[in-house]
Amino acid sequence: TQLLEQSPQFLSIQEGENLTVYCNSSSVFSSLQWYRQEPGEGPVLLVTVVTGGEVKKLKRLTFQFGDARKDSSLHITAAQPGDTGLYLCAGKLGTDKLIFGTGTRLQVFP
Amino acid sequence: GAVVSQHPSRVICKSGTSVKIECRSLDFQATTMFWYRQFPKQSLMLMATSNEGSKATYEQGVEKDKFLINHASLTLSTLTVTSAHPEDSSFYICSARDTYEQFFGPGTRLTVL
Numbered sequence: 041t042q043l044l045e046q047s048p049q050f051l052s053i054q055e056g057e058n059l060t061v062y063c064n065s066s067s068v069f070s071s072l073q074w075y076r077q078e079p080g081e082g083p084v085l086l087v088t089v090v091t092g093g094e095v096k097k098l099k100r101l102t103f104q105f106g107d108a109r110k111d112s113s114l115h116i117t118a119a120q121p122g123d124t125g126l127y128l129c130a131g132k133l134g135t136d137k138l139i140f141g142t143g144t145r146l147q148v149f150p
Numbered sequence: 161g162a163v164v165s166q167h168p169s170r171v172i173c174k175s176g177t178s179v180k181i182e183c184r185s186l187d188f189q190a191t192t193m194f195w196y197r198q199f200p201k202q203s204l205m206l207m208a209t210s211n212e213g214s215k216a217t218y219e220q221g222v223e224k225d226k227f228l229i230n231h232a233s234l235t236l237s238t239l240t241v242t243s244a245h246p247e248d249s250s251f252y253i254c255s256a257r258d259t260y261e262q263f264f265g266p267g268t269r270l271t272v273l
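What follows is the structure, encoded as structure tokens:
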């Protein structure tokens, strides 16, 4: 059973469009992280959110942690081909395990 | 940021052989290291958590006798896939944690023929 479900699973858009990726769970996490992974490489951390309701911005990326710390969203404004990749949310259970979501594969066409 | 390395980056082996993958934290000491497995077009699945000097804790469904983990020092953890079979072919990623953050290695692509 996957604790963290991401939607959509796949997303193909044109350059300049906006998009939102969702990460949902029935579990409460002490923190939640978003990663981007390129083929054949390890995941790279984008952001960590800790407080329920927290919103963080990283250039064109906006991350939000749900009030109950069970869900999160990633919004990308004016997507670019360089944003192409696998986006993974990951929730921390307690102080130890980091559990990854099912992943969202994004393709941005020029 | 902190750097985690893995060796080898790619390995191809025959069915029935054992393969060892090394994970090193290059510029920090990691009391805890994690091993993940990622099948094509899927997410990362946690296999086990290892603490320096103690036995690894395996996730449900992961065979501890098949995936041997040794965390002998604060900068090195090894994963040995014993008697590898084609279904063990996967992308294996390690992660090392310092006090506050978890850092990921570049992964090792294992192909079992």
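Here the protein sequences come in this chain order: S and E.
Each step along the first sequence adds one to the number in the working numbering, with nothing skipped, and position 6 is 46.
Each step along the second sequence adds one to the number in the working numbering, with nothing skipped, and position 10 is 170.
Glycine is no exception: its CB is placed at the ideal position from the N, C-alpha and C atoms.
(request) In angstroms with no decimal places, state the Cα-to-Cα distance between Thr238/E and Glu57/S. (result) Taking the straight line from one Cα to the other gives about 44 Å.
(request) Spell out the partners DSSP gives Tyr260/E in its beta bridges. (result) Residue pairing by DSSP leaves Tyr260/E without any beta bridge partner.
(message) By the three-class DSSP mapping on this structure, what secondary structure does Asp248/E have?
(response) Asp248/E carries a helical assignment under DSSP once its states are collapsed to helix, strand and coil.
(request) Leaving aside the five residues before and after Gly131/S along the sequence, list all residues of the same chain whose C-beta is less than 6 Å from its C-beta, in chain order. (result) Only residues of its own chain outside the window of five on either side were considered, and among them Leu44, Phe69, Leu72, Ile139 have a CB closer than 6 Å to the CB of Gly131/S, listed in chain order.
(request) Determine the chain E residues that contact Asp136/S at a beta-carbon separation under 8 Å, and present them in chain order. (result) Within 8 Å Cβ-Cβ: Thr192, Thr209.
(message) Any C-beta of chain E within less than 9 Å: which residues of the region 120-136 of chain S qualify?
(response) Look at the region 120-136 of chain S: the residues with a C-beta under 9 Å from a C-beta of chain E are Leu126, Leu128, Ala130, Lys132, Asp136.
(request) Could you tell me which of Gln120/S, Ala119/S, Asp123/S, Gly93/S sits nearest to Ser113/S, measuring between CA atoms? (result) Among Gln120/S, Ala119/S, Asp123/S, Gly93/S, the Cα nearest to that of Ser113/S belongs to Gly93/S.
(message) With three or more beta-carbon pairs closer than 8 Å as the criterion, would you say the region 81-89 of chain S touches the region 258-272 of chain E?
(response) These segments touch.
(request) Go to Phe194/E, then tell me how far its beta strand (DSSP E) extends in each direction, as first and last residue. (result) Unbroken beta strand (DSSP E) run through Phe194/E: 192-198.
(message) Suppose contacts are defined by Cβ-Cβ distances below 8 Å. Is Thr209/E in contact with Asp136/S by that definition?
(response) Yes, the pair counts as a contact, with Cβ atoms nearer than the cut-off.
(request) Could you name the residues of the same chain whose beta carbon sits closer than 6 Å to that of Trp195/E, not counting the 5 residues immediately before and after it, in chain order? (result) Only Met207, Ala208, Leu239, Cys254 meet the Cβ criterion.
(request) Please list the partners that Phe140/S has in chain E, where partner means a Cβ-to-Cβ separation under 8 Å. (result) Tyr196, Ser203, Leu204, Met205, Leu206, listed in chain order.
(message) Tell me the DSSP secondary structure of Gly122/S in three-state form.
(response) It is helical.
(request) Whole angstroms is fine: what's the gap from Cys173/E's alpha carbon to Ser249/E's? (result) Cys173/E and Ser249/E: Cα-Cα distance of roughly 10 Å.
(message) Restricting to Cα atoms, I'd like to know which of Tyr75/S, Ser67/S, Ser65/S, Ser66/S is closest to Arg145/S.
(response) Residue Tyr75/S is the option with its Cα nearest to Arg145/S.
(message) Nearest by alpha-carbon distance to Val164/E: which of Gly221/E, Phe188/E, Gln202/E is it?
(response) Comparing Cα-Cα distances from Val164/E to each of Gly221/E, Phe188/E, Gln202/E, the minimum goes to Phe188/E.
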